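Trainee: Protein chains in written order, with our numbering: chain A, 276 to 624; chain B, 276 to 624; chain C, 276 to 624.
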Amino acid sequence: MAEVAYVLSRMMMPDDANGLGNVHGGEVLKLMEEAGHIVATRHCNAGNYNNSCSPRVAVLARVEQMDFLKPMFISEVAHVTAEITYVSQQSIEVKINVYAENILKNDQRFTNRGILWYVAVKAVASTEYAVSTVPPLTYKDPQDEEDGRKRFEFQKRDRQASKELYKLYESGQPLVNDWNGSGIVADSTEKYTVKRSQSTLIHSILPSDCYSSKFSTGGSVMKLMDTAGALSAIRHSKTPCVTASIDAINFHHPMRQSNVITISGRVTFTSAKSMEVEVIVITEDLSTGKKHFSCSAFFNFVSVDSSGRVLPVPPLVLKTDSEKKRFESGKQRYSARKQRRLSRETTKN
Amino acid sequence: MAEVAYVLSRMMMPDDANGLGNVHGGEVLKLMEEAGHIVATRHCNAGNYNNSCSPRVAVLARVEQMDFLKPMFISEVAHVTAEITYVSQQSIEVKINVYAENILKNDQRFTNRGILWYVAVKAVASTEYAVSTVPPLTYKDPQDEEDGRKRFEFQKRDRQASKELYKLYESGQPLVNDWNGSGIVADSTEKYTVKRSQSTLIHSILPSDCYSSKFSTGGSVMKLMDTAGALSAIRHSKTPCVTASIDAINFHHPMRQSNVITISGRVTFTSAKSMEVEVIVITEDLSTGKKHFSCSAFFNFVSVDSSGRVLPVPPLVLKTDSEKKRFESGKQRYSARKQRRLSRETTKN
Amino acid sequence: MAEVAYVLSRMMMPDDANGLGNVHGGEVLKLMEEAGHIVATRHCNAGNYNNSCSPRVAVLARVEQMDFLKPMFISEVAHVTAEITYVSQQSIEVKINVYAENILKNDQRFTNRGILWYVAVKAVASTEYAVSTVPPLTYKDPQDEEDGRKRFEFQKRDRQASKELYKLYESGQPLVNDWNGSGIVADSTEKYTVKRSQSTLIHSILPSDCYSSKFSTGGSVMKLMDTAGALSAIRHSKTPCVTASIDAINFHHPMRQSNVITISGRVTFTSAKSMEVEVIVITEDLSTGKKHFSCSAFFNFVSVDSSGRVLPVPPLVLKTDSEKKRFESGKQRYSARKQRRLSRETTKN
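1) Is it buried or exposed for A:N452, if we count other Cβ within 10 angstroms and need 16 for buried?
2) Contact criterion: CB-CB distance below 8 Å. Does B:D290 meet it with respect to chain A?
3) Starting from the beta carbon of C:A405, find every residue of chain B whose beta carbon is closer than 7 Å, and list them in chain order.
4) Going by DSSP, what residue range makes up the beta strand (DSSP E) through A:C540?
5) Applying the criterion that 16 or more other CB atoms from any shown protein chain within 10 Å of the CB defines a buried residue, is A:F574 buried or exposed?
6) By a C-beta neighbour count over all protein chains shown, 10 Å radius and 16 as the cutoff for buried, is A:T543 buried or exposed?
7) Taking only three categories from DSSP, how would you classify A:I313?
8) For the region 526-538 of chain B, which residues have a CB atom closer than 7 Å to at least one CB atom of chain C, in sequence order?
9) Mapping the DSSP letters down to three states, classify A:R584 as helix, strand or coil.
10) DSSP on C:I557, reduced to helix/strand/coil?
11) Does DSSP classify A:Q435 as helix, strand or coil?
12) Run down chain B in chain order and give the residues with a C-beta less than 7 Å from the C-beta of C:A656.
13) A:Y467 by DSSP, collapsed to three states: which one?
14) Could you compute how far the alpha carbon of B:K594 sits from the alpha carbon of B:K600?
15) Which of the three DSSP states is assigned to B:A461 in this structure?
16) So what's A:A523 in DSSP terms, helix, strand or just coil?
17) Mind checking C:E308: buried by the 16 CB within 10 Å criterion, or exposed?
18) Count the other C-beta atoms from every protein chain shown that fall within 10 angstroms of the C-beta of A:E421, then say buried if there are 16 or more, exposed otherwise.
19) Buried or exposed: where does B:L391 fall if 16 or more other Cβ atoms within 10 Å of its Cβ makes it buried?
20) Mind checking which residues open and close the alpha helix (DSSP H) that includes C:A505?
21) Could you tell me whether any Cβ in chain C is nearer than 8 Å to the Cβ of B:K513?
22) Please report the straight-line C-alpha distance between C:I536 and C:V373, rounded to a whole angstrom.
23) Alpha carbons only, please: which of C:H299, C:M288, C:G423 and C:R619 is nearest the one belonging to C:V352?
24) Does A:A611 come out as helix, strand or coil in the three-state DSSP assignment?
25) Going along chain C, which residues have a C-beta under 8 Å from B:P482?
26) Return the first residue and the last residue of the beta strand (DSSP E) that A:R531 is part of.
27) When you compare each of B:V332, B:V517, B:A333 and B:G322 to B:L586 by their alpha carbons, which one comes out closest?
28) Based on Cα-Cα distance, which residue from C:E445, C:V362 and C:F429 lies nearest to C:Y414?
29) Under 8 Å between the Cβ atoms of C:S329 and C:K397?
30) List the residues of chain C that A:E309 touches, going by C-beta distances under 8 Å, in chain order.
31) Using a Cβ-Cβ distance cut-off of 8 Å, determine whether C:M550 contacts chain B.
32) Which residues in chain C have a C-beta closer than 8 Å to the C-beta of A:I359? List them in chain order.
33) Going by the CB atoms, is the gap between A:V588 and A:M550 shorter than 8 Å?
34) Could you name the residues of chain B that A:L440 contacts, counting a contact when the two beta carbons are closer than 7 Å?
35) Thinking C-beta only, is C:M347 closer than 8 Å to C:V399?
36) Taking only three categories from DSSP, how would you classify B:A280?
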């Protein structure tokens, strides 16, 4: 395995801020994805693999569950490391760490870690791409390869399971009957209901959202997902909200320049101090009119006051059977997340 | 007619601000144009019209007179609806509404409405585009089509009339003798004169200003026009200024990636509480050196103090005959605008 | 010589700010380079030179030493003039002036001047470019041509001399043994050492950093160089810092869309009131894995308090022989700069 080195380092500027004046969680996701894209693309073309004259590019396929450990502030320098930890025939696993540095105080903090999976594609015509094989990885220890294979199998199963919504949508069924897609709920007497929390962002993918392959950067989509999620959380709590963690995201349909994407969020579960928001992304190709399900994910938010102190969250008011069912699933995910955090802390000690 | 739904929804971020800290009027224009571009391009390619293998893109041809009804603030969510209301053989009329939502207060306001006309173009070579026909629209009521045709004929006449400046410029005549094109007037004793108010912005069109067709987004040009207009208004009033309304804009020559555009403004008329600024746009192709007249428009501004209260405007000092003539035309446009506003209010009651 | 006119005019917006809230020095460099690119590209294609069907584009080759005379503030309008002053067979010298205008106060200041050299390239295949000849310039006075030729010869020699680092790197030698490339120094007891001041930014070149030729704009690279330099200066002084001047920059290897560039800085010399930072740029092509030395330069900074008053600078602690050697060279450059400034002031009187 190659030595871990900084892959990206960038100063956080005023337009990277969220409403509280700190660095937008979505900007951190963009940095992580860009770093992953760089090391994965680098690996795909190492030693001019296979003498291919058409270079490969890495496209984001999946993000593993991730916690936002600490906030980052404007005018700090973000440093990102990225290390390839496993390679299958067509996919690449990248482990990413983010550090924030206050250059005035010579102070640095570990703020984020994440696991991202990429697939390699290569151009087969002027605008067509096909999935390509990936050069093998040399492991320091056979055990590393064995552990990697287990993570690969796990994500493959989880990815398959996550295709449920994708298949529903592609088969022409309405994704969710009671999801109106509108950002404004006319009836303001609706308080703390799921309907009240619904948010939609709609964005047309511009050249500045894309790599030169004209695929949207995974990061710019995740930033929009984070923003849509935060809108739902803020609508529910009526306070500023910060991203605490993200459940795994699987990308099922590519998003490309000129596509219009619709990002919708709704609160699915609340605990005493957190809100879970389901976010889904639908992609439309304007030149054919066809729409596809691109991805969905659960984002977890905490409500804070203006100085960043955590506030209690009003309980979600459940009206329909499907809302109650989703709340129960949310409760299970909440317990699983808690379990995972505890076991990680135990491992460290 | 298709059901009206949100076409764009976007959170207003710190870099969308103007000098007062509110959302820049030009950003609102960009949102409206992007929404119009999406629904018009969608319509052009509906059902893979005409089995054309080359998809069509909608390019902004004209904006009807529009009022800025209410300001929008940073961290609000802008929601934009767009509805196709008439289609001729080659043009598409889109009606656009903008709403601002304060998600903390569950408060929403109607802030802008506008009518935009698009033409469809399709690629005929790698960088050449030709105007294309447009699929027909199905109307709910024959009267809707008849009303649309009247609006179409009206805009056609008005568009023709607006070609005067275009023809003057293309025939090689200097557009305006006394327009020095400079933003800095050396003689600071010039107070409240037309010359003193002259402003010029010069911008080279970058990939991030363009759709993937490499045509500039109409919105980024209108944002620059709004900025140049505001500079002239501020030069005259010496106070912050906000855009109150825009007269119809006709686009006569396309603006494309790598072109350099020169946007010039000058105050043409002042009433007790408003300033009219004429803004023109000249486009230069660096690879051939050729220059063309792209468009012109009248922007209307009010002078405000730092808390947004309307202030009286110093009267414009007129020095030359052509300045006096333009002031008289401005007075007529001012009355026409007032009339239009009154009749609209009467219609509503 | 053509008449000098404004080539760019742009309002400074909130996202143009540095940490002090003034306009980022790097944004000024971007404006200057864009203006130079425009007049040089315009000249290359004048009269459809040589009947070439493939238009030429101007690529930044060198920046002469430049002083930042005065700061610029957000909401001021920047006006940039650019004049071609000499043309050799393949290069173009452009003289650039920058003015800041406060439109509320009718106040304008001369803030920057610079000399930029461009070479013309033209496409020879879909992504390949070759250096092209340039149409001749007509001089008002034969003396102007003669003076230009002297500047051309001087820059050619200086450019050649600056190739030392380039050749070292391209021959596979580590550029500098003691440059660890990391932005975070774990050992916080290191104070005022060269090692403590080391900074690295890593950036992947996106479409919005490029001209349509897909070459990076020289300005976006210089802005990153200025930022990396400022980081080193701030790490050393623990105060805000502003750019005072830049020594000549020679560009030896082009930077293109999708390349990853690593920009590293370290303090090389300190006087009582200034810091000299050496900045180098390494370019990596992800599709081949090849790395090249693109450019290096010395940036000079002063330490200021939050109201912009100049502060004394802590002396640099020198630990290795090569650090001492570089400090001595820095001292010589410092004296040369002082001499140059004095002689310029004498010339003016």
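Every residue, glycine too, gets a C-beta built ideally from N, C-alpha and C. Just so it is clear, the structure is predicted and the values come from calculations on it, not from any experiment.
Mentor: A quick look at the data gives this:
1) Legend: pLDDT at A:N452 = 47, less than 50; position of this residue unreliable, no value from coordinates given.
2) yes
3) Result: empty, since nearest Cβ-Cβ is about 17 Å, beyond 7 Å.
4) A quick correction: the sequence has Gly, not Cys, at residue 540 of chain A. Where A:G540 is concerned, the enclosing beta strand (DSSP E) stretches over V535 to T545.
5) buried
6) buried
7) helix
8) Q532, S533 and V535
9) coil
10) strand
11) helix
12) Any property of residue 656 of chain C remains undetermined from this structure, which presents chain C solely from 276 to 624.
13) coil
14) 11 Å
15) Only weak support is given to the placement of B:A461: the predicted model assigns it a pLDDT of 46, under 50, and the question is left unresolved by the model.
16) coil
17) buried
18) exposed
19) buried
20) G493 to S512
21) yes
22) 28 Å
23) C:M288
24) helix
25) P482, S483, C485 and S487
26) Careful: A:R531 lies outside any beta strand (DSSP E) and carries neither H nor E.
27) B:V517
28) C:V362
29) yes
30) S479
31) no
32) Residues of chain C passing the Cβ test: none, with the nearest at roughly 14 Å.
33) yes
34) Within chain B, no residue comes near A:L440; the closest Cβ sits about 21 Å away, beyond 7 Å.
35) no
36) coil
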